[in-house]
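Undergrad: Just remember that the numbering used here sits 1160 ahead of the position in the sequence shown, which is counted from 1.
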Amino acid sequence: MSAAQAEERVTTQDIETKLRQIRGQFEQTAESARSGLVAAGVVGAVVLVTVAYVLGRRRGRRRSTVVEIRRV
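(1) Pick helix, strand or coil for VAL1207, following the three-state DSSP scheme.
(2) Give the straight-line distance between the Cα atoms of GLY1216 and THR1210, rounded to the nearest whole angstrom.
(3) According to DSSP, simplified to helix, strand and coil, what is THR1171?
Have a look at this one:
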């Protein structure tokens, strides 16, 4: 073994440090994605309720009967 190889040995501490660093980056990415998904979900729900309301109202108008009363 040369001196360069002896200095390049990977210790348990090196592995743990790298895994914590990767985990921290993952948690930051997941948190930013989660907030975007929540906002998209809220907007989607509002759009869905609005479309259901408009279509139900339109269908109700088409099916309602108009009664004319005429006096002679």
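Backbone N, C-alpha and C fix where the C-beta goes; we use that ideal spot for every residue, glycine too.
TA: Reading from the atomic positions:
(1) helix
(2) 10 Å
(3) coil
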